[in-house]
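A.B. asks: As they're listed, the protein sequences go chains Z and S.
This note's numbering puts the first residue of the first sequence at 53, with every later residue one more than the last.
This note's numbering puts the first residue of the second sequence at 53, with every later residue one more than the last.
Cβ coordinates follow ideal geometry from the N, Cα and C atoms, glycine included.
There are 2 protein chains.
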Amino acid sequence: MLKKLVPAKKKPAKPDCKRPYSLGARQQLSDESKQRSLDAARDLLADSKADTFGMQEVALRAGITRQTLYNLYGSKTKLIEAIFDDLARRGGMQRMAAAMQQRDPHARLAAMVDTLLEFWNRDRDITRRIRAMAASDPDLRAALRARDERRRMACRHVVDGFKLPGLSATQLALQTDALFSLTSFEFVDMLAGESRSTVEVAGTVMRLAEVIVVPARPQNK
Amino acid sequence: MLKKLVPAKKKPAKPDCKRPYSLGARQQLSDESKQRSLDAARDLLADSKADTFGMQEVALRAGITRQTLYNLYGSKTKLIEAIFDDLARRGGMQRMAAAMQQRDPHARLAAMVDTLLEFWNRDRDITRRIRAMAASDPDLRAALRARDERRRMACRHVVDGFKLPGLSATQLALQTDALFSLTSFEFVDMLAGESRSTVEVAGTVMRLAEVIVVPARPQNK
DNA sequence: AAATTAACTAGACATAATGTAAAACAGAAT
DNA sequence: ATTCTGTTTTACATTATGTCTAGTTAATTT
Chain Z
53 MLKKLVPAKK
63 KPAKPDCKRP
73 YSLGARQQLS
83 DESKQRSLDA
93 ARDLLADSKA
103 DTFGMQEVAL
113 RAGITRQTLY
123 NLYGSKTKLI
133 EAIFDDLARR
143 GGMQRMAAAM
153 QQRDPHARLA
163 AMVDTLLEFW
173 NRDRDITRRI
183 RAMAASDPDL
193 RAALRARDER
203 RRMACRHVVD
213 GFKLPGLSAT
223 QLALQTDALF
233 SLTSFEFVDM
243 LAGESRSTVE
253 VAGTVMRLAE
263 VIVVPARPQN
273 K
Chain S
53 MLKKLVPAKK
63 KPAKPDCKRP
73 YSLGARQQLS
83 DESKQRSLDA
93 ARDLLADSKA
103 DTFGMQEVAL
113 RAGITRQTLY
123 NLYGSKTKLI
133 EAIFDDLARR
143 GGMQRMAAAM
153 QQRDPHARLA
163 AMVDTLLEFW
173 NRDRDITRRI
183 RAMAASDPDL
193 RAALRARDER
203 RRMACRHVVD
213 GFKLPGLSAT
223 QLALQTDALF
233 SLTSFEFVDM
243 LAGESRSTVE
253 VAGTVMRLAE
263 VIVVPARPQN
273 K
């Protein structure tokens, strides 16, 4: 990782600018290259026998140069961020908004868990590799953390749906964090193991989540 | 990461061996260097403002050369493995054997959870960084996986303690994996968050673990 | 059709990391 | 004193990311 010693100017500020120039069809070509490199990068991440994820290799597969790749996405980190957001878009994460609007707390919880588990299960290997890379990349880690924080807000909203008057703030926070941990990629991925069925995983997560979220009541043993 | 093109010989097999040489005081010095570099590496990992963990830096802090470090531990991966095992030794993981010999299943579960949580809680930052590094280091990943497998055996043993006749093999495996996931560093670390008390964490994990391990009985809603 | 503009290419370069190799050096045992 | 061994010094190889620059190409404007 190399850091810029000086912020410098972002753009050379148009050296001459004599004549206006609105790129029309060229923008399309550029966008195509951008999409193609995104696909190539995803393919490379999904390729189990490709143990390294390098810009050179991505560029090669996309049919462009490494430098063009740097022009399109500013850095490796930003490219990975783009992949992740693309995955979220394809993985149906927009269902999350609808899930949060469920009135019944159990239904809301179930919808959230369902949405998340489907997302985690789809492109599981890629997600795992991306999160692995975040371990040694502070910027990427921050980007993933920001997205995870949205999930934490959702968990908070679910917990609120079950709230009873007597609960303290620290207990609410504990419930939220527990639900957050139970629905994390790491936990779900570990629970799924090599080849466990998604219904078994979902059932287990739901069962644990309800234990967390339903307030402890005095029970007769 | 550089791969050996040829396995070569591990040791030059004593080129001449004319005269026996039992290094007495020098062995001590060497061992001291080894211990000192281990401590230095642990310190470096614990140093929150040191964002990179390089052999150069470790050697510098230990007062030896980078090459000597390579002589002592063969590679960066092996050095990290040594740190991890040292942590386990200091973290009281030997209590695990006693925990497994508890007769009462609930006591056995409680002893395992207690042992693990104390271990995870101690040197939490270092453990997190080591596991993060394992993400981009196949050898280290394999080493940690082997140690985690021992934990899985323990989980299996706990699950067996609760076993009822009617349970299928797949259900046993699911219980084991769920307990394994609940007691993983990743889950516990996430649940602990920034500054949650260990008793809250332990209580939550125990509650979830018992839900998993106690066979589902027909319940009157 | 000619001039202009911006993206793309190709190649070199800087930096930093792991890991290897060989020769010189210094301490310890016989 | 000689020999053995671990340490040091120095150098080299490899592989990443990221930058820079000059040249090329193709679309757009006049």
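Quick check on the burial criterion: 16 or more other C-beta atoms within 10 angstroms. Buried or exposed for Z/Asp-83?
C.D. replies: Translated into the one-based positions of the first sequence, residue 83 of chain Z becomes position 31. Under this definition Z/Asp-83 is an exposed residue.
A.B. asks: Report the three-state DSSP secondary structure of S/Phe-214 (helix, strand or coil).
C.D. replies: As a first step, residue 214 of chain S must be located in the second sequence, where it is residue number 162. Reduced to three states, the DSSP call for S/Phe-214 is coil.
A.B. asks: Taking 8 Å as the cut-off, decide whether the C-beta atoms of Z/Met-152 and Z/Arg-160 are in contact.
C.D. replies: For the purposes of this step, residue 152 of chain Z is identified with residue 100 of the first sequence, where counting begins at 1. For the purposes of this step, residue 160 of chain Z is identified with residue 108 of the first sequence, where counting begins at 1. Taking 8 Å as the Cβ cut-off, Z/Met-152 and Z/Arg-160 qualify as a contacting pair.
A.B. asks: Please classify S/Ser-85: does DSSP put it in a helix, a strand, or coil?
C.D. replies: Counted from its first residue, the second sequence places residue 85 of chain S at position 33. Here S/Ser-85 sits in helix by DSSP.
A.B. asks: Could you list the residues in the stretch 239-260 of chain Z with a C-beta less than 8 Å from some C-beta on chain S, going in chain order?
C.D. replies: Of all residues in the stretch 239-260 of chain Z, Phe-239, Met-242, Leu-243, Gly-245, Arg-248, Glu-252, Thr-256, Arg-259 and Leu-260 have a Cβ within less than 8 Å of some Cβ in chain S.
A.B. asks: Can you find a heavy atom of the ligand FMN that lies under 7 Å from the Cβ of Z/Ala-184?
C.D. replies: Among the ligands in the structure shown, none appear at all, so the ligand FMN cannot be discussed.
A.B. asks: Give the range of the alpha helix (DSSP H) segment to which Z/Gly-255 is assigned.
C.D. replies: Numbered from its first residue, the first sequence carries residue 255 of chain Z at position 203. Its alpha helix (DSSP H) spans residues 250-265.
A.B. asks: Kindly indicate if chain Z contains any beta-carbon less than 8 Å away from that of S/Asp-287.
C.D. replies: Since the first and last residues shown for chain S are 53 and 273, residue 287 of chain S lies out of range.
A.B. asks: Who are the Cβ neighbours of S/Met-242 in its own chain at under 6 Å, not counting the five residues just before and after it?
C.D. replies: If you number the second sequence from 1, residue 242 of chain S lands on position 190. The answer is none, since no qualifying residue turns up.
A.B. asks: Considering only the alpha carbon of each residue, which of S/Gly-245, S/Ala-206 and S/Ala-93 lies closest to S/Asn-231?
C.D. replies: The residue given as residue 231 of chain S occupies position 179 in the second sequence. Inspection of the sequence shows that residue 231 of chain S is occupied by Leu rather than by Asn. The shortest Cα separation from S/Leu-231 among S/Gly-245, S/Ala-206 and S/Ala-93 belongs to S/Ala-206.
A.B. asks: Any idea if Z/Ser-236 is buried or exposed, counting beta-carbon neighbours within 10 angstroms, 16 or more meaning buried?
C.D. replies: To locate residue 236 of chain Z, count along the first sequence from 1; it is residue 184. Buried is the call here.
A.B. asks: What distance in whole Å lies between the Cβ atoms of S/Leu-90 and S/Glu-109, which are believed to be in contact at a cut-off of 8 Å?
C.D. replies: Start at 1 with the first residue of the second sequence, and residue 109 of chain S comes out as number 57. Start at 1 with the first residue of the second sequence, and residue 90 of chain S comes out as number 38. With 8 Å as the limit, S/Glu-109 and S/Leu-90 do not qualify as a contact, their Cβ atoms being about 14 Å apart.
A.B. asks: Between which residues of its own chain and S/Phe-239 is the CB-CB distance below 7 Å, once the five residues before and five after are set aside?
C.D. replies: Residue 239 of chain S sits at position 187 when you count from the first residue of the second sequence. So the qualifying residues of the chain are Ser-233.
A.B. asks: For the alpha helix (DSSP H) that Z/Tyr-125 lies in, which residues bound it at each end?
C.D. replies: Against the first sequence, residue 125 of chain Z aligns to sequence position 73. Where Z/Tyr-125 is concerned, there is no enclosing alpha helix (DSSP H), given that its DSSP letter is neither H nor E.
A.B. asks: Counting only Cβ pairs nearer than 7 Å, list the residues of chain S close to Z/Val-263.
C.D. replies: Working through the first sequence from its first residue, we reach residue 263 of chain Z at position 211. Under the 7 Å cutoff, chain S gives Arg-259, Leu-260 and Val-263.
A.B. asks: Buried or exposed: where does Z/Ala-254 fall if 16 or more other Cβ atoms within 10 Å of its Cβ makes it buried?
C.D. replies: On the first sequence, residue 254 of chain Z is found 202 positions in, with the first residue counted as 1. It counts as buried.
A.B. asks: Going by the beta-carbon positions, is the gap between Z/Thr-228 and Z/Arg-208 smaller than 8 Å?
C.D. replies: Counting from 1 along the first sequence, the entry for residue 228 of chain Z is found at position 176. Counting from 1 along the first sequence, the entry for residue 208 of chain Z is found at position 156. The answer is yes: Cβ separation under 8 Å.
A.B. asks: On the CB-based measure, 16 or more other CB atoms within 10 Å of its CB, does S/Val-251 come out buried or exposed?
C.D. replies: Taking the second sequence and counting its residues from 1, one reaches residue 251 of chain S at position 199. Classification of S/Val-251: exposed, given that the 10 Å Cβ count is below 16.
A.B. asks: Less than 8 Å between the C-beta atoms of S/Leu-192 and S/Glu-133, yes or no?
C.D. replies: Translated into the one-based positions of the second sequence, residue 192 of chain S becomes position 140. Translated into the one-based positions of the second sequence, residue 133 of chain S becomes position 81. In contact: S/Leu-192 and S/Glu-133 (Cβ atoms closer than 8 Å).
A.B. asks: Leaving out five residues on either side along the sequence, give the residues of the same chain with a beta carbon under 8 Å from the beta carbon of S/Arg-176.
C.D. replies: Translated into positions along the second sequence, residue 176 of chain S becomes position 124. Counting only Cβ-Cβ distances below 8 Å, and skipping sequence neighbours, we find Asp-241 and Ala-244.
A.B. asks: Tell me, to the nearest whole angstrom, how far the beta carbon of Z/Ala-162 is from that of Z/Met-258; I am working on the premise that it is less than 8 Å.
C.D. replies: As a position in the first sequence, residue 162 of chain Z is number 110, starting the count at 1. As a position in the first sequence, residue 258 of chain Z is number 206, starting the count at 1. Confirmed, about 7 Å.
A.B. asks: Could you pull the start and end residues of the alpha helix (DSSP H) that Z/Glu-246 belongs to?
C.D. replies: On the first sequence, position 194 is the one that residue 246 of chain Z refers to. Looking at the DSSP string, Z/Glu-246 is not in any alpha helix (DSSP H), and its letter there is neither H nor E.
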